[in-house]
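Numbering (our numbering), first residue to last: 1 to 146. Even for Gly, the Cβ is constructed at its ideal location relative to N, Cα and C.
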């Protein structure tokens, strides 16, 4: 299953940049209860990256724990919500990976699976295993169900 979401990683990199600017001489930094909103030109919320905490080592991938990423419509309602208990973001490669569960929810569909790869450059997310797609509100006469 493929989902493109560039803004999620752009916002994540903002968090990383702030954290690295505040980094001390330890081998890693931990930021708890982080939130990174992104707004459009009119000041409306476009997306929100949240998590319980991130661990940022001096070298190696960033650990994002209890990831929650929401994309908002023109109003204030979230139209897409991605959650994962843990993922690793490689700053140099611009990629994120996880071996755990992932859930992508919209009002008309829920996608779940195990493990994912995300490439910021191509804006593609591939869910690796046990992918399930549940469509809501689909009727037989629309041709989706035999």
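Taking a cut-off of 8 Å for Cβ pairs, the stretch 95-103 and the stretch 50-60 do not touch, as fewer than three such pairs fall below it. Secondary structure of residue 113 (DSSP, three-state): strand. The alpha carbon of residue 44 has as its nearest neighbour, out of 76, 54, 55 and 32, the alpha carbon of 76. For residue 51, the enclosing beta strand (DSSP E) covers residues 45-57.
Distance from the CA atom of residue 82 to the CA atom of residue 68, rounded to whole angstroms, is 6 Å. If you ignore the 5 residues before and after residue 108, its C-beta comes within less than 8 Å of the C-beta of 135, 136 and 137, all in its own chain and listed in chain order. Boundaries of the beta strand (DSSP E) around residue 68: 62-72. Taking the CA atoms as reference points, residue 66 sits about 17 Å from residue 127.
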